[in-house]
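Please read the structure below before turning to the comments.
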Amino acid sequence: MKIKDPGTQQIPNGLVLHHVTELEAKYIAQKRMNTIPDNLKAAIRDVKTNLSRPPTVHPADQVAAGTIPKKRVVRLVQRLTGREFKLLPSEALMVVNHRPILREELSGLLEELEDRMSEEKQDRLLELVSKELGRVRADDGDGANGADDEDDEGEGEDEAG
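According to numbering that gives the first Met the number 0, the sequence shown is numbered sequentially starting from 0.
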């Protein structure tokens, strides 16, 4: 991944995790881990720790592992920022990163939610998130991600968890 113009594109946690993991693998393959600055090592370690949250199945882990295709995340962000929901790009990314399943979780992410959306619209938003990203949480216990889509690759879906 190359950043052509820094600061112009917001990206979800999954892509950040993927980039940092690739960067670390590159340094290890080139036997450069001992030559990189300590603050970069700490940043890589912190990003990987904070964006990988086992045992829950998290969108960051799934995008990095390829079990949620990037096009699905992009499609979800486009729908969330479109006419129906009218979320800001930063709000859409928070929804992708946190993957809420309850209205209460959604209200913690989006300001003035009750004024902006009816309960029915909030439920549609949650259904959309569930459809695109799956609905797995640590307390579900079944390990299914529930986000099957006929136009997406099914690789790695059994590795969730």
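Heads up, the beta-carbon is just placed ideally off N, CA and C, and yes, glycines get one too.
Just to confirm, is the Cβ distance from residue i to residue j under 8 Å?
{"i": "Arg-71", "j": "Glu-110", "result": "no"}
{"i": "Glu-23", "j": "Ile-10", "result": "no"}
{"i": "Val-46", "j": "Val-94", "result": "no"}
{"i": "Leu-75", "j": "Leu-86", "result": "no"}
{"i": "Leu-112", "j": "Gln-121", "result": "yes"}
{"i": "Glu-103", "j": "His-97", "result": "no"}
{"i": "Leu-125", "j": "Pro-99", "result": "yes"}
Assuming residue i contacts residue j under a Cβ cut-off of 8 Å, what Cβ separation, rounded to an integer in Å, is found between them?
{"i": "Leu-108", "j": "Glu-90", "result": "7 Å"}
Helix, strand or coil: which one does DSSP assign to residue i?
{"i": "Lys-70", "result": "helix"}
{"i": "Val-15", "result": "helix"}
{"i": "Met-116", "result": "coil"}
{"i": "Glu-111", "result": "coil"}
{"i": "Arg-82", "result": "coil"}
{"i": "Gly-145", "result": "With a pLDDT of only 42 at Gly-145, under 50, the local geometry of the prediction cannot be trusted, and the value read off the model is given with reservation. Gly-145 falls in the coil class under three-state DSSP."}
{"i": "Thr-34", "result": "coil"}
{"i": "Ile-10", "result": "coil"}
Need the endpoints of the alpha helix (DSSP H) that residue i sits in, please.
{"i": "Arg-44", "result": "37–50"}
{"i": "Leu-105", "result": "102–108"}
{"i": "Glu-90", "result": "88–97"}
Say the cut is 7 Å; is the CB of residue i nearer than that to a heavy atom of the ligand NAD?
{"i": "Leu-112", "result": "Here there are no bound small molecules, and the ligand NAD is not part of this structure."}
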